[in-house]
Every structure is written in structure tokens, then in C-alpha cells.
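In my numbering, the protein residues as written are 2 to 396.
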């Protein structure tokens, strides 16, 4: 017996993460400035860490309820009401998950059956397509355009919908582009799907990192809460990536099925992280404001840096990524990233890691320190200018 022949072909054929490839390469080279991983440079605020430590001192080391500590679910509902005017029942409409990624996985597995189509706007988070395939669904890719500021337009959505469409994934604020959807933008999407039997998975993990206006949830539109599962978490907003804690809010019929899958596959999210998250939601608004202001400063610094290097780049208004176009260099996304890493020791991610339409772009994360961003932008400018000179000599 060959174990390779026993492995599931559908899993075997899934591509590895393009993000991790460059992250791993960067770790092998000394003195690299990594702008590759979407992880805050901030340490989790002390009040949150202290509560986690205190929970251990009190002996809270056992399983929590499968759906999460009731106090945490209450605080999540308070937060959703206060921030987005969305009212949820903590007993039936909220589940605490191991990161937002588990919430996406649970929602897809609870909604999708073989033959169902899932509309995925790209460029977007690398997990959507593989998780759809693992759920036996069929990914239907909508290629977003730079001229539309990488927003999902009603025309693009309408063309993607068929009789088999079951789910729309709405990934805004967007990773990797930093694009947002305004109230008017979301309203147009609602008009397209309101009379169709299409559920929405709204990935709002970057909701607090919006730099112009306020984030708008599609669940807040009339008739949409019942058909939308909102995915959120603590990794980005509260710099809690390693705590692995997220949540999903939605209709009790859907959350109930997600609960079953979670119950058998995971049991419960980390108890210590849950106690820490209660403190985060109750008492850390000021920390959110401070980190968001600092990200905004770094956003402008990086955006100016790429533009000063001669690379076209639309202004991202959410998340913590910049998505510059590198087509003017004559290199592919992979070539640009590999050469930049080797020649200048700066790690960014090829745009095509987030979908084929990301070819010709790269993703850089401005969650890094100001010092590292400033130095990285100098190196990028040197790199681009040097290759322009080479191209000019060659021609």
C-alpha cells in the first residue's frame, strides 16, 4: 500500500499558500524586512494579557461551553449592537470560534452541498477558495478591477449568479487590496440578491480598520440579517493573532448547524483567550482607537513610498495592506517578489497568491513598524530604479 494513493485527491490538489512561501523564504535570509504576513506589530494590550493571566491564576483551565462563554457571547452582542446596530441573541445567534478562519469554514460546510456554487470576489483571502472546495462546493470567481478600486460592483455580481448559486462571500474591508465598500456600494449588492435565495458570508475581520467613514455591514440592511452570517474576531483589531479567537453571528438555524460541526471537530475555543476577549470588548476602545490611528499613519507612509518609487497604487481605505501595481517593471508578480527579497531583503507577497487577477500586483502589509516601513520603501525605490536602468540599457 502506498500512502500517497490513500490521500484524498481533492486535498492533495489544493495549492499551498503563496503567503507562507514568501514568509518561509524571508525567515531563511538574514536582516530581511518582512511586509508579508498580516500580523500587527503591536503586542496584545496589557489589560487583555493581564486578564488572560488572571484567568489562569483563578484556575479557569477547563473546557468552556461549546459555543463559547456566555459572558463573551453577551459582550459580542453588545459590541455588534453598539458598532453596527445589529441585534443578536447570545444564546442562539452567536458562536465563538478558533479564529475567524474557523467561522468561515463552519459557515461554508453548514451551507454548501455538492454542486452548489459559491461566488468569491478576488483578489481576496487565500482560504475562501480551498475551503469551498473542501465543502464540495464550486468556486465561482469574480475578478475585481483596479479601476473599480477593487470593489464588488452589481454588474460583476449579476453576471456571476446562476441557478446553482448558494453563497456569496463578501470580503470587505479586503485582504489583500485594502478596498472597502461604502453604504451605497453595499446597497447596490443588496438590490441584486434581495429577491434571490443566496446566503451571504460577510468576512468583517478588518471592520475596525476603516480609515474613511465607518464600516457598513450588509447584515444591517433590511432583510439581510436573516440570510447573512457575519464573521469577525480579535486577531486584527486587538492584536490577538496568537490567541486564535473569532466568532460568527447569524440566523439561529444556521448557527445551530455550525455549532454541530464545531462541537464534533473542535469542542470549544481556547478558554484563556475567551476570558481575555471579554476584557477586550469591555474596556479596550481606547486601544483600538490608538492602533487604528497608528495604522493610518503607516498606511500613508507606505502608500507614498510605493508611489515615490514610481509604482501605481490606488489608495486603500481599510485593513492594513497596500496593493501596488508592478506591471511597469516588466516583471511578473513572482519575479518581482523573489528579486526584491534576494536583492534588497524586503519580503512582500505576489498578488496572484490571492487569485489570478492579482497578477501584476504585490501585497505589502503596513502592520510593520514605522522604522521598518521607512527602510523598506527606500529599498523598494532603489530596486525599481535599478531595474528601470537595466531595462533601459537592454533596449
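Ideal Cβ placement from N, Cα and C applies to all residues, glycine included.
Query raised in the report: Given that a residue counts as buried once 16 or more other Cβ atoms are within 10 Å of its Cβ, and exposed if not, what is residue 235?
Result: buried
Query raised in the report: When DSSP builds the beta bridges, which residues end up paired with residue 119?
Result: 140, 168
Requested in this report: With a 10 Å radius around its C-beta and 16 neighbouring C-beta atoms as the bar for buried, classify residue 175 as buried or exposed.
Outcome: buried
Report task. Return yes when the Cβ of residue 110 is within less than 7 Å of the Cβ of residue 256, no when it is not. Result -> no
Query raised in the report: Where does residue 47 land, buried or exposed, given buried means 16+ other C-beta within 10 angstroms?
Result: exposed
**Report entry** Buried or exposed by the 16-neighbour rule on C-beta atoms within 10 Å, applied to residue 275
**Finding:** buried
Report task. With DSSP as the reference, label residue 356 as helix, strand or coil. Result -> coil
Requested in this report: Figure out for me which residue from 136, 272, 273 has the closest Cα to the Cα of residue 114.
Outcome: 136
Query raised in the report: Roughly how many whole angstroms lie between the Cα atoms of residue 239 and residue 73?
Result: 15 Å
**Report entry** 7 Å Cβ shell around residue 186 - same chain, five flanking residues per side excluded
**Finding:** 152
Query - Beta-carbon proximity of residue 373 to residue 34, cut-off 7 Å - result: yes
Requested in this report: Using a threshold of 7 Å, state whether the C-beta atoms of residue 169 and residue 120 are closer than that.
Outcome: yes
Query raised in the report: Tell me the DSSP bridge mates of residue 102?
Result: Residue 102 pairs with nothing; no bridge assigned.
Query raised in the report: Is any heavy atom of the ligand FMN found at a distance shorter than 6 Å from the C-beta of residue 16?
Result: Absence of the ligand FMN from the depicted structure is noted, as is the absence of any ligand whatsoever, leaving it without description.
**Report entry** Contact set for residue 161: own chain, Cβ-Cβ below 6 Å, skip 5 residues either direction
**Finding:** 120, 141, 143
Requested in this report: Tell me whether residue 78 sits in a helix, a strand or coil according to DSSP, three-state version.
Outcome: helix
Report task. Round the Cβ separation of residue 98 and residue 247 to the nearest angstrom and send it over; I've been treating them as touching at under 8 Å. Result -> 5 Å
Query - Closest residue to residue 88 among 225, 192, 139, 269 (Cα-Cα distance) - result: 225
Requested in this report: Per DSSP, which residues does residue 362 bridge with? Please list them.
Outcome: 326
Report task. Kindly indicate which residue of 232, 212, 210 has the alpha-carbon position closest to the one of residue 219. Result -> 232
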